[in-house]
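First the structure, in the form of structure tokens, and then the observations on it.
There are 2 protein chains.
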Amino acid sequence: MHVFTEHALMKDLHQAGEKIVLLVLDGLGGLPLEASGKTELETANTPNLDRLAAEASSGLSIPIRPGIEPGSGPAHLSLFSYDPVTYQIGRGVLEALGIGFELGRDDLAARGNFASADKDGTITDRRAGRIDTEECIRLSAKLQDATGSCLPGYEVFVKPVKEHRFVLVLRGPGLGGELTETDPLVTGKQPLRATDKSGTPEGARSAELVNQWVSAARAVLLDEPKANSLNLRGLAKDPGLPSFGEIYGMRAAAIAVYPMYRGVASLVGMQPIPFQGDRPAHEIDALEQAWNDYDFFFIHIKKTDSYGEDGNFEAKAKEIEAVDEVIPRILALEPGALIVTGDHSTPAKLRSHSSHPVPTLLWSPIAMPDAAQSFGERACATGHLGLFHATTLIPQAMYHAGRLKRFGA
Amino acid sequence: MHVFTEHALMKDLHQAGEKIVLLVLDGLGGLPLEASGKTELETANTPNLDRLAAEASSGLSIPIRPGIEPGSGPAHLSLFSYDPVTYQIGRGVLEALGIGFELGRDDLAARGNFASADKDGTITDRRAGRIDTEECIRLSAKLQDATGSCLPGYEVFVKPVKEHRFVLVLRGPGLGGELTETDPLVTGKQPLRATDKSGTPEGARSAELVNQWVSAARAVLLDEPKANSLNLRGLAKDPGLPSFGEIYGMRAAAIAVYPMYRGVASLVGMQPIPFQGDRPAHEIDALEQAWNDYDFFFIHIKKTDSYGEDGNFEAKAKEIEAVDEVIPRILALEPGALIVTGDHSTPAKLRSHSSHPVPTLLWSPIAMPDAAQSFGERACATGHLGLFHATTLIPQAMYHAGRLKRFGA
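Okay, here's the thing in structure tokens:
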């Protein structure tokens, strides 16, 4: 409800203007290890970000709702201004996008887990002993060969992800519904059959096809030493989100090392930009090369989150410093507005995503230079953006880039 | 809309976790007597609350909407995460709960006012010259005797409140609707008949029963010197709020000296805990005894509000100090999260509830220790909770107590 209204407003008001960069450091927000200490961001030596903060408006972003610990998919949707409570995306879709699979609007996608089972099918290990990725590639190819044509009238794609995880995509007419997962979620139980909760013909048909494929696939795996079973989770279709380009009138590009983030960006119609390398500097190479062809650039930095999940406070601070070093190259392109934020917090102290609000700055030549004179959680708490919902960020950047007409005369 | 969605989200995400304490100092927020001075809370010597604040996230709570002066009932509903603009509770229900009346789900309750009228029934004093409470008790008993059986098939309860105020409860089949008040709201007018705006059979029947009782009751009062008439306001039933336990998956206890607050808590399904005494220390005795049997504890401190209403700045500050003294006993129980807040502000300077936002802290071992290093209105304004709606507080405490699953993968 809310989001549709905001989007309608943006459609009415957008106009041509300057370019916008949304720089997302995944899991940026942190916590001090001791109550009296500094966070990862406060610890990092960031002369460029601090100078930006002194000229920018700062604040703290709420990705989903106060108190909600965000997953990466919903947190990014929110930054793209799609309220993730309204727009819920199935895990299968995110996983398929994550490996760069070109998901059609009518495809049904699921996240698959190779598993171990005993002779009567009872699950003994939900991750098949966390088999390595090479084994996952071999097993996925084996399933693709043996089950690719097992559903007459439907295409079947089995693609490896990482370790015990794979993606299943069914393509063909009349798929849909609201399907339950086959994973019993605990060991010592039989896997479940997929069932449809929507009560639609598409749902009934899809559940039947999924169960048929699962039976065929488990039969193929019977002789495997570890991964002799599997389960499906997050069965879903592309939800068909409203187009970012139509809402905001901007040609949008996505620059990300990890397929997952290119995938989420492509769900709203952003164009993923291919490039070589995996460091922040390589991503800025891609930014420079694509600069003339787009109006809006989403740049995703992954490792801040990974180090947070590892509990590696120092490495997270160092990665923030690596991003700090490329800031002058972004400014040299003269964007109308530059946002630096995170999709959520991942404090090394917690080794996990967390619900804490995310430090954010909005730099622009016409930004209000507020009380926040450096970039950090507590400095941001004093800033002019206040404590705000992540979905409100792009409209603010649009204004600063001259991309919004006045509302009313 | 908003609130239903939030509740649905909470139902999806809640899980078992640590215990939560919501400590409410009624009317906590204040004002300095002079612009350059300190508030009641800032004046009070609160070493324990200050230490909590240094480790906690702080902020300012908006109970209803900015600028709205809250009543106690709605302000508590909001703290319990029921937006009081969506969930409006009839005054009759609040009044019945306020005197400790055990209201059934299907009872119809009204706030009654004894009044003075001239010979033709025209109201000459809407409060019967503010008769004292003893007179109110006598008159209520007289009405109970004379009209308790005047509605065949229905039980009638007439209970004294204070001065000219009493409670009427009708109990029996098929009560409901949306009834108008009998009070003309000005003197020199005839009382009104209760009418039903819902157009339902329950409404029509209820209006008829109410008018029948009012006629009988006025006849009983005819010979009274002052209170020779009466009016009914806020006719309503228990609205049947969604259950706190179902939304949050927590067994919730309410510890409060005054029946009104136990009543509001029981409206959402919290369990009132009986105990001896009326000081904060007695309430903590009750907390300690009930600790193992519940997941969530609402503790209500009344006197901060009472002293604010009296304009007694010093006594309000002293009561805050009495609460400060029991904080170590709460912490010794090792809650996962402790909220200290008020339901609204009651500045001694104004001798009244006020719309000013309410100082709040959320303490937890994983809270962001923000810029607020003491507990006070102006310190809270620098904190990480920002200026927030009271309904968002429990979800945040839930996260900090490990009681919420991640949203999305």
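Sequences listed follow chains A and B, in order.
Mapping to the numbering used here: the first sequence position 50 is 51, numbers consecutive.
Mapping to the numbering used here: the second sequence position 376 is 377, numbers consecutive.
Even for Gly, the Cβ is constructed at its ideal location relative to N, Cα and C.
Cβ-Cβ distance between residue i and residue j below 8 Å
{"i": "Ile256 (chain B)", "j": "Lys160 (chain B)", "result": "no"}
{"i": "Leu61 (chain A)", "j": "Thr361 (chain A)", "result": "yes"}
{"i": "Pro64 (chain A)", "j": "Ala391 (chain A)", "result": "yes"}
{"i": "Pro396 (chain A)", "j": "Met11 (chain A)", "result": "yes"}
{"i": "Ile328 (chain A)", "j": "Asn46 (chain A)", "result": "no"}
{"i": "Leu23 (chain B)", "j": "Ile340 (chain B)", "result": "yes"}
{"i": "Ala142 (chain B)", "j": "Val221 (chain B)", "result": "no"}
{"i": "Leu140 (chain A)", "j": "Leu171 (chain A)", "result": "no"}
{"i": "Leu233 (chain A)", "j": "Ala195 (chain A)", "result": "yes"}
{"i": "Glu203 (chain B)", "j": "Leu176 (chain B)", "result": "yes"}
{"i": "Gly72 (chain A)", "j": "Arg407 (chain B)", "result": "yes"}
{"i": "Gly309 (chain B)", "j": "Lys317 (chain B)", "result": "yes"}
{"i": "Ala57 (chain B)", "j": "Leu334 (chain B)", "result": "no"}
{"i": "Lys198 (chain B)", "j": "Thr183 (chain B)", "result": "no"}
{"i": "Met271 (chain B)", "j": "Leu32 (chain A)", "result": "no"}
{"i": "Leu34 (chain A)", "j": "Phe314 (chain A)", "result": "yes"}
{"i": "Val359 (chain B)", "j": "Ser346 (chain B)", "result": "yes"}
{"i": "Ala402 (chain B)", "j": "Ala338 (chain B)", "result": "yes"}
Contact set between residue i and chain B, taken where Cβ atoms lie within less than 7 Å
{"i": "Arg379 (chain A)", "result": "Asp371, Ala372"}
{"i": "Pro67 (chain A)", "result": "Phe389, Thr393, Pro396, Gln397"}
Under 8 Å by beta carbon: chain A residues contacting residue i
{"i": "Gly384 (chain B)", "result": "Ala382"}
{"i": "Tyr295 (chain B)", "result": "Simply none; closest approach about 20 Å."}
{"i": "Leu10 (chain B)", "result": "Arg66, Ile69, Val86"}
{"i": "Tyr83 (chain B)", "result": "Residues of chain A passing the Cβ test: none, with the nearest at roughly 16 Å."}
8 Å Cβ cut-off: residues of chain B touching residue i
{"i": "Ala36 (chain A)", "result": "Ala55, Glu56, Pro370"}
{"i": "Ile100 (chain A)", "result": "The premise fails here: Ile100 (chain A) is roughly 14 Å from chain B at the closest Cβ pair, so nothing lies under 8 Å."}
{"i": "Ile328 (chain A)", "result": "Those within 8 Å of Ile328 (chain A) in chain B number zero; the least Cβ separation is about 25 Å."}
For residue j and residue i, believed in contact at Cβ under 8 Å, the rounded distance
{"i": "Pro273 (chain A)", "j": "Ser267 (chain A)", "result": "6 Å"}
{"i": "Val269 (chain A)", "j": "Phe115 (chain A)", "result": "Not really, about 31 Å apart at Cβ, beyond 8 Å."}
{"i": "Gly28 (chain A)", "j": "Asp296 (chain A)", "result": "Actually they do not touch by this definition, with Cβ atoms about 27 Å apart."}
{"i": "Leu104 (chain B)", "j": "Val265 (chain B)", "result": "With a Cβ gap of about 11 Å, Leu104 (chain B) and Val265 (chain B) do not count as contacting."}
{"i": "Gly74 (chain A)", "j": "Leu231 (chain A)", "result": "At roughly 23 Å, the Cβ-Cβ gap does not stay under 8 Å, so Gly74 (chain A) and Leu231 (chain A) are not in contact."}
{"i": "Thr40 (chain B)", "j": "Gly343 (chain B)", "result": "Wrong, their Cβ atoms sit about 12 Å apart, outside the cutoff."}
{"i": "Ile21 (chain B)", "j": "Ala398 (chain B)", "result": "5 Å"}
{"i": "Tyr262 (chain A)", "j": "His8 (chain A)", "result": "Actually they are not in contact, since the Cβ atoms of Tyr262 (chain A) and His8 (chain A) sit about 22 Å apart, beyond 8 Å."}
{"i": "Arg330 (chain A)", "j": "Ile285 (chain A)", "result": "5 Å"}
{"i": "Met321 (chain B)", "j": "Leu42 (chain B)", "result": "For clarity, residue 321 (chain B) is Ile in the given sequence; the question names Met instead. Ile321 (chain B) to Leu42 (chain B), Cβ: 6 Å. Contact."}
{"i": "Tyr400 (chain B)", "j": "Glu70 (chain A)", "result": "6 Å"}
{"i": "His357 (chain B)", "j": "Gly30 (chain B)", "result": "5 Å"}
Proximal residues of chain A, C-beta to C-beta of residue i below 7 Å
{"i": "Thr6 (chain B)", "result": "Val86"}
{"i": "Tyr155 (chain B)", "result": "Per Cβ cutoff of 7 Å: no residues; Tyr155 (chain B) is ~42 Å from chain A at best."}
{"i": "Tyr249 (chain B)", "result": "Within chain A, no residue comes near Tyr249 (chain B); the closest Cβ sits about 11 Å away, beyond 7 Å."}
Within chain B, the residues that residue i reaches when beta carbons sit closer than 9 Å
{"i": "Glu43 (chain A)", "result": "By Cβ distance, chain B contributes nothing, its closest Cβ being about 11 Å from Glu43 (chain A), past 9 Å."}
{"i": "Gly72 (chain A)", "result": "Arg407, Phe408, Gly409, Ala410"}
{"i": "Leu61 (chain A)", "result": "His385, Gly387"}
Residues sharing a beta bridge with residue i, DSSP
{"i": "Leu29 (chain A)", "result": "A:Ser346"}
{"i": "Asp51 (chain A)", "result": "None; Asp51 (chain A) has no bridge partner."}
{"i": "Ser59 (chain A)", "result": "A:Leu362"}
{"i": "Gln277 (chain B)", "result": "Answer is none; Gln277 (chain B) lacks a bridge partner."}
{"i": "Gln272 (chain B)", "result": "B:Ala254"}
{"i": "Ile21 (chain B)", "result": "B:Phe297, B:Ala338"}
{"i": "Leu169 (chain B)", "result": "B:Ala111, B:Val159"}
{"i": "Ser355 (chain B)", "result": "B:Ser346"}
{"i": "Asn232 (chain A)", "result": "A:Asn114"}
{"i": "Ala237 (chain A)", "result": "A:Ala110"}
{"i": "Pro192 (chain A)", "result": "For Pro192 (chain A), which the question treats as bridged, DSSP gives no partner whatsoever."}
{"i": "Ile419 (chain B)", "result": "Residue 419 (chain B) is absent from the model: chain B starts at 2 and stops at 410."}
Residue i: CB within 7 Å of a non-hydrogen atom of the ligand SAM
{"i": "Asp224 (chain B)", "result": "The model depicted lacks the ligand SAM and carries no ligand whatsoever."}
Closer than 9 Å at the beta carbon, the chain A residues around residue i
{"i": "Ile367 (chain B)", "result": "Leu32, Pro348, Lys350, Leu351, Ser355, His357"}
{"i": "Tyr262 (chain B)", "result": "Going along chain A, no residue has its Cβ under 9 Å from Tyr262 (chain B), so there is no contact; the nearest lies around 24 Å."}
**Prompt:** Would the segment 380-395 of chain B and the segment 369-386 of chain A be scored as touching if the rule is three or more Cβ pairs under 8 Å?
**Reply:** In short, these stretches touch, since the Cβ pair count reaches three.
**the segment 207-219 of chain A / the segment 240-253 of chain A touching (three or more Cβ pairs under 8 Å)** = Between the segment 207-219 of chain A and the segment 240-253 of chain A there are fewer than three inter-stretch CB-CB distances shorter than 8 Å, so the stretches are not counted as touching.
**Message:** For the structure I just gave you, are there three or more beta carbon pairs, one from the segment 340-360 of chain B and one from the segment 9-18 of chain B, closer than 8 Å?
**Reply:** Two segments are said to touch when three or more pairs of C-beta atoms, one from each, lie closer than 8 Å; by this definition the segment 340-360 of chain B does not touch the segment 9-18 of chain B.
**Prompt:** Can we say the segment 217-230 of chain A touches the segment 128-148 of chain A, given the rule of at least three CB pairs closer than 8 Å?
**Reply:** Yes, they touch.
**Asked** So does the segment 106-122 of chain A actually touch the segment 233-247 of chain A, counting three or more Cβ pairs closer than 8 Å?
**Response** Between the segment 106-122 of chain A and the segment 233-247 of chain A there are three or more inter-stretch CB-CB distances shorter than 8 Å, so the stretches are counted as touching.
**Request:** State whether the segment 257-266 of chain B contacts the segment 188-197 of chain B, with contact taken as three or more CB pairs (one from each stretch) at a distance under 8 Å.
**Result:** As far as the Cβ criterion goes, the segment 257-266 of chain B does not touch the segment 188-197 of chain B, which means the pair count is below three.
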